[in-house]
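Enquirer:
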Amino acid sequence: MSLSAANVIADPYHFIPGTSPILISIPHAGTHLTPEVASGLSDAALPLSDTDWHIPRLYDFARALGASILVGQYSRFVIDLNRPSDDKPLYTTATTGLYPDLLFDGRATFKPEMTPTDAQRQQYLDEIWQPYHQKIQSELARMKQDFGYALLFDAHSIASMIPRLFDGQLPDLNLGTNSGESCAPELSEILEKTCQQQTRFTHVLNGRFKGGYITRAYGQPENDIHAVQLELAQVNYMEEIEPFSYSEDKAAELQALLKPLLAGMLAWGSERYKQGAV
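Read in numbering that gives the first Met the number 0, the sequence shown has 12 at position 13, and its numbers run on one by one without any break.
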């Protein structure tokens, strides 16, 4: 139940239905803020620098592949859609939680004594986090019914250098399959081979980013649901400092690799399950 009529959460996600058995989840591109979060953010957090900027625009080409696309509308500073609802840590190294109190660089997200209350955060869980995950579940179930299997691609990006989280510069493409548990090994091999066939971008599989909660929770290859996370270094399609501008030229180069990655997933699924043409 909402705290008051003024605090009703509206449109926690944007969904574009598709026609193929792949769902692209984009949980961290949202910039909407609740009033209490907006008023409580520290000066360091106001630029929303930890946002996965422009990811829906970068992956807009996937609509032509028939992909369904799910985009979270609220900032991760309200609630992080890629963390478990019980807020158990996903990594042993530095990270951020369900309700991030620290930025990626370690500075405080909120002004002193200005964090949302427990009741407000429970509302975010009920009215933002839950609907997003319910939509993932219902869409994957629909795909399984229609095609016999489902593919989940969790799309992320991050600044290429964040000393608190990782040493040095991040590889350009960081594929995560929960150390091989969230998808069939043959699918991982196809994705790696696609990356190896080009030299423009560096890549790694199950490096610093092995997949967050969404990949780990829904990747169930034994039940014919295969999930992959891709964390992109933002330097390859945008400016990493304010105003975080999108670069058409850079993005086009990156899309030339992203397109065969997604097409390869679809081709693999069609061949493995013998369901329709890609």
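Even for Gly, the Cβ is constructed at its ideal location relative to N, Cα and C.
#1: Just to confirm the assignment, what range does the alpha helix (DSSP H) spanning Gly175 have?
#2: Smallest Cα separation from Leu265: which of Ala61, Val7, Thr114 and Gln219?
#3: Does His132 come out as helix, strand or coil in the three-state DSSP assignment?
#4: Pick from Leu97, Pro55, Ile157 and Arg141: whose alpha carbon is nearest that of Asp125?
#5: Which residues does DSSP pair with Met237 in a beta bridge?
#6: Taking the C-alpha atoms as reference points, what is the distance between Lys110 and Asp86?
#7: For Met0, does the three-state DSSP call read helix, strand or coil?
#8: Which runs of the alpha helix (DSSP H) fall wholly inside the segment 7-76 and span at least 4 residues, in chain order?
#9: Determine, for Pro55, whether the minimum Cβ-Cβ distance to residues of chain D falls below 8 Å.
#10: With distances taken from CA atoms, which of Arg75, Ile21, Leu260 and Gln233 is nearest Gln144?
#11: In chain order, what residues of the same chain lie with their CB nearer than 6 Å to the CB of Glu241, ignoring the 5 residues before and after it?
#12: Taking DSSP as the reference, what is the three-state secondary structure of Glu230?
#13: What distance in whole Å lies between the Cβ atoms of Gly218 and Asn173, which are believed to be in contact at a cut-off of 8 Å?
#14: Is it true that the segment 29-38 meets the segment 60-77, where meeting means three or more beta-carbon pairs spaced less than 8 Å apart?
#15: Near Ala5, which residues of its chain fall below 6 Å by C-beta distance, leaving aside the five closest residues on each side in sequence?
#16: Leu101 by DSSP, collapsed to three states: which one?
#17: Hey, how far is the Cα of Leu229 from the Cα of Asn205?
#18: Got a sec? Which residues, its chain only, sit under 6 Å from Val277 by beta carbon, not counting five neighbours each side?
Expert: Answer, in terms of the structure:
#1: That residue, Gly175, is in no alpha helix (DSSP H); its beta strand (DSSP E) goes Leu172 to Gly175.
#2: Ala61
#3: It is helical.
#4: The shortest Cα separation from Asp125 among Leu97, Pro55, Ile157 and Arg141 belongs to Leu97.
#5: Tyr245
#6: 22 Å
#7: Any answer about Met0 is weak, because its pLDDT of 33 lies below 50 and its placement is not dependable; what the coordinates show is given next. Reduced to three states, the DSSP call for Met0 is coil.
#8: 34-39 and 54-57
#9: The structure shown contains no chain D; it holds only a single protein chain.
#10: Ile21
#11: Pro46
#12: strand
#13: In fact, because the Cβ distance is near 16 Å, the residues do not count as touching under 8 Å.
#14: yes
#15: With a pLDDT of only 47 at Ala5, under the threshold of 50, the placement of this residue in the model should not be trusted; the figure read from the coordinates follows. Nothing meets the Cβ criterion.
#16: strand
#17: Leu229 and Asn205: Cα-Cα distance of roughly 10 Å.
#18: Reliability of the predicted coordinates at Val277 is poor, the pLDDT of 38 falling under 50, and the value obtained from them is presented with this limitation in mind. Excluding positions up to five away in sequence, the list reads Leu265, Ala266 and Ser269.
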